[in-house]
Amino acid sequence: MIFEESNSTSIAHQTLHSNEYLHRVVSLLVKEIFPAYLQSEREYELITLHFASSLRRSPDIYPISLLLLTDERPLATELLVTRIKTIAPFIETIQVKASSQYDAKDKEYYDSVLSTKVLRDDDIKMISIYPDAKELLTLQEYLQNVQAHREVRVREQIIRTPQYDFQKYLLASQMLLSRFVYQHIDNPKSFVETVPTLIDNIEGITDKNYLSQKLLQRFKTSPMAIPETNLALLHTYSSKVTKSCFVIFDLENPVPAMSMNHQEEEISRVLVMLTRLNESDEVRDLMTAISQSIIENHLYTEIYKTGNKDIIYQLLNQIFTEKIKKLEN
(Lines of atoms letter the chains of each structure in order from A; the text may use other names.)
(Lines give C-alpha, C1' and ligand atoms only; values in the text may rest on other atoms or scores of the structure.)
Protein backbone atom coordinates (compact mmCIF):
# COMPACT_ATOMS: atom_id res chain seq x y z
CA MET A 1 0.00 0.00 0.00
CA ILE A 2 1.13 3.58 -0.61
CA PHE A 3 0.13 4.66 2.91
CA GLU A 4 0.87 2.72 6.10
CA GLU A 5 -2.03 1.18 7.98
CA SER A 6 -3.28 3.54 10.68
CA ASN A 7 -6.37 4.87 12.39
CA SER A 8 -6.98 7.02 9.32
CA THR A 9 -9.64 4.60 8.01
CA SER A 10 -12.58 6.49 9.50
CA ILE A 11 -11.05 9.83 8.47
CA ALA A 12 -10.62 8.56 4.92
CA HIS A 13 -14.26 7.47 4.81
CA GLN A 14 -15.40 10.87 6.07
CA THR A 15 -13.24 12.60 3.48
CA LEU A 16 -14.78 10.44 0.76
CA HIS A 17 -18.33 11.39 1.76
CA SER A 18 -17.56 15.14 1.78
CA ASN A 19 -15.37 15.10 -1.34
CA GLU A 20 -17.12 12.84 -3.80
CA TYR A 21 -16.05 14.86 -6.83
CA LEU A 22 -12.37 14.86 -5.78
CA HIS A 23 -12.57 11.12 -5.04
CA ARG A 24 -13.97 10.48 -8.52
CA VAL A 25 -11.11 12.41 -10.15
CA VAL A 26 -8.49 10.64 -8.02
CA SER A 27 -9.92 7.21 -8.87
CA LEU A 28 -9.84 7.91 -12.59
CA LEU A 29 -6.27 9.21 -12.51
CA VAL A 30 -4.94 6.32 -10.40
CA LYS A 31 -6.51 3.82 -12.78
CA GLU A 32 -4.88 5.61 -15.69
CA ILE A 33 -1.39 6.04 -14.20
CA PHE A 34 -0.64 3.33 -11.61
CA PRO A 35 -0.40 -0.47 -11.98
CA ALA A 36 -3.38 -2.66 -11.14
CA TYR A 37 -2.02 -3.92 -7.79
CA LEU A 38 -2.21 -0.35 -6.40
CA GLN A 39 -5.80 0.03 -7.41
CA SER A 40 -8.21 -0.56 -4.54
CA GLU A 41 -10.96 1.49 -2.96
CA ARG A 42 -8.83 1.86 0.18
CA GLU A 43 -6.01 3.39 -1.83
CA TYR A 44 -8.41 5.76 -3.58
CA GLU A 45 -9.76 6.92 -0.22
CA LEU A 46 -6.32 7.53 1.26
CA ILE A 47 -5.08 9.40 -1.80
CA THR A 48 -8.24 11.50 -1.74
CA LEU A 49 -7.54 12.24 1.93
CA HIS A 50 -4.01 13.37 1.03
CA PHE A 51 -5.13 15.72 -1.74
CA ALA A 52 -8.09 17.10 0.22
CA SER A 53 -5.72 17.99 3.07
CA SER A 54 -3.21 19.62 0.68
CA LEU A 55 -5.90 21.64 -1.05
CA ARG A 56 -7.24 22.98 2.22
CA ARG A 57 -3.80 24.26 3.15
CA SER A 58 -3.48 26.12 -0.15
CA PRO A 59 -5.55 29.33 -0.41
CA ASP A 60 -4.62 29.70 -4.08
CA ILE A 61 -6.02 26.30 -4.97
CA TYR A 62 -8.80 26.02 -2.42
CA PRO A 63 -10.62 29.37 -2.10
CA ILE A 64 -14.06 29.91 -0.61
CA SER A 65 -17.02 32.08 -1.59
CA LEU A 66 -19.07 34.09 0.88
CA LEU A 67 -22.40 35.90 0.79
CA LEU A 68 -22.62 39.03 2.94
CA LEU A 69 -26.12 40.21 3.87
CA THR A 70 -26.24 43.85 4.89
CA ASP A 71 -28.34 46.98 4.66
CA GLU A 72 -25.44 49.22 5.64
CA ARG A 73 -24.09 52.04 3.49
CA PRO A 74 -21.86 51.17 0.54
CA LEU A 75 -18.62 52.61 1.90
CA ALA A 76 -19.03 50.96 5.31
CA THR A 77 -19.86 47.68 3.56
CA GLU A 78 -16.83 47.95 1.29
CA LEU A 79 -14.53 48.60 4.23
CA LEU A 80 -15.95 45.53 5.99
CA VAL A 81 -15.37 43.42 2.87
CA THR A 82 -11.78 44.67 2.72
CA ARG A 83 -11.17 43.77 6.35
CA ILE A 84 -12.64 40.30 5.88
CA LYS A 85 -10.41 39.65 2.86
CA THR A 86 -7.40 40.88 4.83
CA ILE A 87 -7.87 38.35 7.63
CA ALA A 88 -8.84 35.54 5.22
CA PRO A 89 -6.88 35.88 1.95
CA PHE A 90 -8.16 32.48 0.80
CA ILE A 91 -11.56 34.07 0.07
CA GLU A 92 -12.16 34.14 -3.66
CA THR A 93 -15.35 36.21 -3.73
CA ILE A 94 -17.65 38.04 -1.34
CA GLN A 95 -21.05 38.75 -2.86
CA VAL A 96 -23.06 41.50 -1.13
CA LYS A 97 -26.84 41.41 -1.00
CA ALA A 98 -29.55 43.27 0.94
CA SER A 99 -31.10 41.26 3.77
CA SER A 100 -34.53 41.57 2.19
CA GLN A 101 -33.26 39.90 -0.99
CA TYR A 102 -31.92 36.82 0.78
CA ASP A 103 -33.31 33.48 -0.29
CA ALA A 104 -32.61 30.21 1.55
CA LYS A 105 -31.46 28.73 -1.76
CA ASP A 106 -28.54 31.19 -1.75
CA LYS A 107 -26.72 28.86 0.67
CA GLU A 108 -26.33 26.35 -2.17
CA TYR A 109 -24.00 28.72 -4.02
CA TYR A 110 -21.74 29.88 -1.16
CA ASP A 111 -19.53 28.25 1.44
CA SER A 112 -20.89 30.52 4.16
CA VAL A 113 -23.36 33.35 4.67
CA LEU A 114 -22.55 36.34 6.90
CA SER A 115 -24.94 39.05 8.07
CA THR A 116 -24.52 42.41 9.80
CA LYS A 117 -27.81 41.97 11.64
CA VAL A 118 -29.47 39.08 13.44
CA LEU A 119 -31.57 36.86 11.17
CA ARG A 120 -33.76 33.86 11.97
CA ASP A 121 -31.32 31.32 10.58
CA ASP A 122 -28.74 29.53 12.73
CA ASP A 123 -26.58 28.83 9.66
CA ILE A 124 -25.93 32.55 9.10
CA LYS A 125 -22.90 34.00 10.89
CA MET A 126 -23.48 37.38 12.53
CA ILE A 127 -20.77 40.04 12.20
CA SER A 128 -20.65 43.71 13.21
CA ILE A 129 -20.32 46.29 10.45
CA TYR A 130 -17.37 47.70 12.44
CA PRO A 131 -15.80 44.61 14.06
CA ASP A 132 -13.07 45.12 16.64
CA ALA A 133 -9.82 43.12 16.76
CA LYS A 134 -11.31 40.41 19.00
CA GLU A 135 -14.29 39.86 16.71
CA LEU A 136 -12.05 39.78 13.63
CA LEU A 137 -9.91 37.09 15.26
CA THR A 138 -13.01 35.01 16.01
CA LEU A 139 -14.21 35.51 12.43
CA GLN A 140 -10.81 34.48 11.07
CA GLU A 141 -10.97 31.20 13.00
CA TYR A 142 -14.52 30.63 11.77
CA LEU A 143 -13.55 31.20 8.12
CA GLN A 144 -10.52 28.92 8.44
CA ASN A 145 -12.88 26.26 9.72
CA VAL A 146 -15.22 26.89 6.78
CA GLN A 147 -12.31 26.43 4.38
CA ALA A 148 -11.10 23.28 6.15
CA HIS A 149 -14.53 21.64 5.88
CA ARG A 150 -15.59 22.92 2.51
CA GLU A 151 -16.96 20.19 0.29
CA VAL A 152 -15.11 19.75 -2.99
CA ARG A 153 -17.80 19.51 -5.63
CA VAL A 154 -18.89 21.01 -8.90
CA ARG A 155 -20.88 24.12 -8.01
CA GLU A 156 -23.53 25.67 -10.16
CA GLN A 157 -22.37 29.20 -10.93
CA ILE A 158 -24.66 32.17 -10.50
CA ILE A 159 -24.43 34.14 -13.74
CA ARG A 160 -24.81 37.88 -13.33
CA THR A 161 -24.61 40.26 -16.25
CA PRO A 162 -25.00 43.79 -14.84
CA GLN A 163 -25.45 46.62 -17.29
CA TYR A 164 -23.35 49.77 -16.94
CA ASP A 165 -23.71 53.18 -18.55
CA PHE A 166 -20.07 54.08 -19.17
CA GLN A 167 -20.94 57.63 -20.19
CA LYS A 168 -22.45 58.17 -16.75
CA TYR A 169 -19.31 56.74 -15.14
CA LEU A 170 -17.17 59.08 -17.20
CA LEU A 171 -19.25 62.11 -16.18
CA ALA A 172 -19.20 60.99 -12.53
CA SER A 173 -15.41 60.69 -12.58
CA GLN A 174 -15.04 64.16 -14.14
CA MET A 175 -17.38 65.61 -11.52
CA LEU A 176 -15.48 64.06 -8.59
CA LEU A 177 -12.14 65.18 -10.01
CA SER A 178 -13.46 68.74 -10.39
CA ARG A 179 -14.51 68.76 -6.72
CA PHE A 180 -11.28 67.27 -5.39
CA VAL A 181 -9.68 69.67 -2.88
CA TYR A 182 -6.25 69.53 -1.24
CA GLN A 183 -5.74 72.07 1.53
CA HIS A 184 -3.21 72.90 4.25
CA ILE A 185 -5.02 73.98 7.40
CA ASP A 186 -4.06 75.51 10.74
CA ASN A 187 -6.00 73.21 13.03
CA PRO A 188 -6.62 72.95 16.80
CA LYS A 189 -4.41 70.59 18.77
CA SER A 190 -6.96 67.83 19.38
CA PHE A 191 -8.75 65.51 16.97
CA VAL A 192 -12.20 66.29 18.44
CA GLU A 193 -11.68 70.02 17.77
CA THR A 194 -9.99 69.46 14.41
CA VAL A 195 -12.89 67.63 12.76
CA PRO A 196 -15.36 70.58 12.98
CA THR A 197 -12.60 72.87 11.64
CA LEU A 198 -12.19 70.61 8.62
CA ILE A 199 -15.93 70.42 7.96
CA ASP A 200 -16.18 74.23 8.16
CA ASN A 201 -13.78 74.36 5.21
CA ILE A 202 -15.82 72.06 2.93
CA GLU A 203 -18.54 73.38 0.62
CA GLY A 204 -21.88 71.69 0.01
CA ILE A 205 -22.91 70.93 3.61
CA THR A 206 -26.21 72.26 4.99
CA ASP A 207 -25.61 71.50 8.69
CA LYS A 208 -21.91 71.47 9.51
CA ASN A 209 -22.30 71.03 13.25
CA TYR A 210 -24.54 67.98 12.80
CA LEU A 211 -22.19 66.41 10.26
CA SER A 212 -19.12 67.04 12.45
CA GLN A 213 -20.75 65.31 15.42
CA LYS A 214 -21.87 62.43 13.22
CA LEU A 215 -18.32 61.92 11.91
CA LEU A 216 -16.85 62.06 15.41
CA GLN A 217 -19.40 59.57 16.73
CA ARG A 218 -18.70 57.19 13.83
CA PHE A 219 -14.96 57.54 14.35
CA LYS A 220 -15.42 56.76 18.05
CA THR A 221 -17.40 53.63 17.18
CA SER A 222 -15.02 52.52 14.44
CA PRO A 223 -11.65 54.32 14.43
CA MET A 224 -10.34 54.89 10.93
CA ALA A 225 -6.80 56.15 11.48
CA ILE A 226 -4.64 53.90 9.30
CA PRO A 227 -1.82 52.32 11.32
CA GLU A 228 1.72 53.59 10.67
CA THR A 229 0.65 56.08 7.99
CA ASN A 230 -0.27 59.28 9.90
CA LEU A 231 -3.52 59.20 7.90
CA ALA A 232 -7.11 59.27 9.13
CA LEU A 233 -10.20 58.61 7.04
CA LEU A 234 -13.51 60.38 7.71
CA HIS A 235 -16.46 59.24 5.65
CA THR A 236 -20.23 59.47 5.74
CA TYR A 237 -23.36 59.29 3.62
CA SER A 238 -25.79 62.04 4.64
CA SER A 239 -28.76 64.19 3.70
CA LYS A 240 -26.73 67.14 5.04
CA VAL A 241 -24.30 66.75 2.11
CA THR A 242 -25.40 68.40 -1.13
CA LYS A 243 -22.21 67.73 -3.14
CA SER A 244 -20.38 64.42 -2.96
CA CYS A 245 -16.65 65.07 -2.69
CA PHE A 246 -13.21 63.85 -1.69
CA VAL A 247 -11.09 66.33 0.26
CA ILE A 248 -7.59 66.04 1.76
CA PHE A 249 -6.38 68.22 4.62
CA ASP A 250 -2.74 68.59 5.62
CA LEU A 251 -2.68 69.49 9.31
CA GLU A 252 -0.40 72.23 10.60
CA ASN A 253 -0.62 70.60 14.03
CA PRO A 254 -0.54 66.77 14.05
CA VAL A 255 -3.11 65.33 16.46
CA PRO A 256 -3.43 61.92 18.16
CA ALA A 257 -6.34 59.68 17.17
CA MET A 258 -7.29 56.03 17.58
CA SER A 259 -6.27 53.73 14.72
CA MET A 260 -8.05 50.75 13.18
CA ASN A 261 -6.04 48.42 15.43
CA HIS A 262 -7.11 50.49 18.48
CA GLN A 263 -3.70 52.02 19.10
CA GLU A 264 -2.94 55.72 19.13
CA GLU A 265 -1.73 57.18 15.82
CA GLU A 266 -0.39 60.68 15.24
CA ILE A 267 -2.43 62.18 12.40
CA SER A 268 -0.90 64.73 10.06
CA ARG A 269 -3.24 64.28 7.07
CA VAL A 270 -7.00 63.65 6.99
CA LEU A 271 -8.90 62.18 4.03
CA VAL A 272 -12.58 63.19 3.99
CA MET A 273 -15.16 61.37 1.84
CA LEU A 274 -18.67 62.82 1.81
CA THR A 275 -21.51 61.30 -0.20
CA ARG A 276 -24.92 62.89 -0.51
CA LEU A 277 -28.12 60.96 0.13
CA ASN A 278 -29.65 59.42 -3.03
CA GLU A 279 -26.39 59.81 -4.92
CA SER A 280 -26.12 58.05 -8.28
CA ASP A 281 -24.81 54.48 -8.40
CA GLU A 282 -21.90 55.64 -10.56
CA VAL A 283 -20.68 58.24 -8.04
CA ARG A 284 -21.09 55.83 -5.12
CA ASP A 285 -19.19 53.16 -7.04
CA LEU A 286 -16.30 55.54 -7.73
CA MET A 287 -16.23 56.72 -4.12
CA THR A 288 -15.99 53.08 -3.09
CA ALA A 289 -13.06 52.67 -5.49
CA ILE A 290 -11.29 55.52 -3.67
CA SER A 291 -11.86 53.91 -0.26
CA GLN A 292 -10.56 50.59 -1.57
CA SER A 293 -7.43 52.26 -2.89
CA ILE A 294 -6.78 53.86 0.50
CA ILE A 295 -7.10 50.62 2.46
CA GLU A 296 -6.07 47.83 0.06
CA ASN A 297 -3.21 49.18 -2.05
CA HIS A 298 0.00 49.90 -0.11
CA LEU A 299 1.52 51.92 -2.97
CA TYR A 300 -1.58 54.10 -3.23
CA THR A 301 -1.66 54.50 0.57
CA GLU A 302 1.90 55.84 0.41
CA ILE A 303 0.86 58.32 -2.30
CA TYR A 304 -2.08 59.52 -0.18
CA LYS A 305 0.38 59.89 2.69
CA THR A 306 3.10 61.90 0.91
CA GLY A 307 1.74 63.08 -2.47
CA ASN A 308 0.94 66.69 -3.35
CA LYS A 309 -2.29 67.86 -4.99
CA ASP A 310 -1.20 67.18 -8.58
CA ILE A 311 0.10 63.70 -7.82
CA ILE A 312 -3.04 62.68 -5.91
CA TYR A 313 -5.24 64.17 -8.66
CA GLN A 314 -3.46 61.95 -11.19
CA LEU A 315 -3.85 58.97 -8.85
CA LEU A 316 -7.61 59.54 -8.61
CA ASN A 317 -7.83 59.83 -12.38
CA GLN A 318 -5.98 56.51 -12.70
CA ILE A 319 -8.22 54.83 -10.12
CA PHE A 320 -11.37 55.95 -11.97
CA THR A 321 -9.95 54.86 -15.34
CA GLU A 322 -9.02 51.43 -13.97
CA LYS A 323 -12.47 51.05 -12.43
CA ILE A 324 -14.26 51.87 -15.68
CA LYS A 325 -11.98 49.54 -17.69
CA LYS A 326 -12.67 46.76 -15.20
CA LEU A 327 -16.41 47.22 -15.67
CA GLU A 328 -16.00 47.10 -19.44
CA ASN A 329 -14.29 43.73 -19.17
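Just so we're aligned: 322 in the UniProt record's numbering is position 322 of the sequence shown, and the numbers increase by one with no gaps anywhere. Virtual Cβ for every residue (Gly too), placed ideally from N, Cα, C. The structure presented is a predicted model; accordingly, all values stated were derived computationally and were not measured.
query = What's the gap between the Cα of Lys189 and the Cα of Pro254?
reply = So the two alpha carbons sit approximately 7 Å from each other.
ask   = Roughly how many angstroms separate the alpha carbons of Ser268 and Gln140, rounded to a whole number?
value = Cα-Cα distance, rounded: 32 Å.
inquiry  = Quick check: the Cα distance between Glu328 and Ala172, rounded to an integer number of angstroms?
reply    = Rounded to the nearest angstrom, the two C-alpha atoms are 16 Å apart.
task = Please go through the same chain and pick out, in chain order, the residues whose beta-carbon is closer than 6 Å to the beta-carbon of Asp250, but skip the five residues on each side of it.
result = His184 and Arg269.
query = How is the beta strand (DSSP E) around Lys97 delimited, first residue to last?
reply = Unbroken beta strand (DSSP E) run through Lys97: Ile91 to Lys97.
query = Count the other CB atoms within 10 Å of the CB of Asn278; is the residue buried (16 or more) or exposed (fewer)?
reply = Answer is exposed; the Cβ neighbour count stays below 16.
inquiry  = Since Phe166 and Ile324 should fall inside the 8 Å C-beta cutoff, what is the C-beta to C-beta distance between them, to a whole number of angstroms?
reply    = That belief holds up - the Cβ atoms of Phe166 and Ile324 are roughly 6 Å apart, short of 8 Å.
Where the alpha helix (DSSP H) containing Ser212 begins and where it ends = Annotation: the continuous alpha helix (DSSP H) that includes Ser212 extends over Lys208 to Thr221.
Limits of the unbroken alpha helix (DSSP H) element including Leu286 = Its alpha helix (DSSP H) spans residues Asp281 to Glu296.
request  = In angstroms with no decimal places, state the Cα-to-Cα distance between Gln318 and Ile311.
outcome  = For Gln318 and Ile311, the distance between alpha carbons rounds to 11 Å.
key: Closest by C-alpha distance to Cys245, when choosing among Gly204, Leu68 and Tyr44   = Taking each of Gly204, Leu68 and Tyr44 in turn and checking the Cα distance to Cys245, the smallest one comes out for Gly204.
inquiry  = For the segment 63-71 against the segment 102-115, do three or more pairs of beta-carbon atoms, one drawn from each stretch, fall closer than 8 Å, so that the two count as touching?
reply    = Proximity of the segment 63-71 to the segment 102-115 meets the contact definition, three or more beta-carbon pairs being nearer than 8 Å.
inquiry  = Can you list, in chain order, the residues of its chain with a C-beta nearer than 7 Å to that of Ser222? Leave out the 5 residues immediately preceding and following it.
reply    = Only residues of its own chain outside the window of five on either side were considered, and among them Tyr130 have a CB closer than 7 Å to the CB of Ser222, listed in chain order.
ask   = Counting pairs of Cβ atoms below 8 Å between the segment 72-92 and the segment 291-307, do you hit three or more?
value = Enough Cβ pairs lie closer than 8 Å, so yes.
query = How is Gln167 classed by DSSP in three states: helix, strand or coil?
reply = Gln167 falls in the helix class under three-state DSSP.
request  = Closer than 7 Å by C-beta to Leu216: which residues in its own chain qualify, once you throw out the five before and the five after it? Chain order, please.
outcome  = Hits under 7 Å: Val192 and Val195.
message = Going by DSSP in three states, Val146 sits in which element: helix, strand or coil?
response = Helix at Val146.
task = Can you have a look at Ala133 and say buried or exposed, based on whether 16 or more other CB atoms are within 10 angstroms of its CB?
result = By the 10 Å Cβ count, Ala133 comes out exposed.
ask   = Near Leu143, what residues of its chain come up, given a Cβ to Cβ distance below 6 Å and the 5 sequence neighbours on each side ignored?
value = Around Leu143, the same chain offers Ala88 as residues with beta carbons nearer than 6 Å, after the five sequence neighbours per side are excluded.
query = Per DSSP, what kind of secondary structure is Gln314 in: helix, strand or coil?
reply = In the three-state reduction of the DSSP assignment, Gln314 falls in the helix class.
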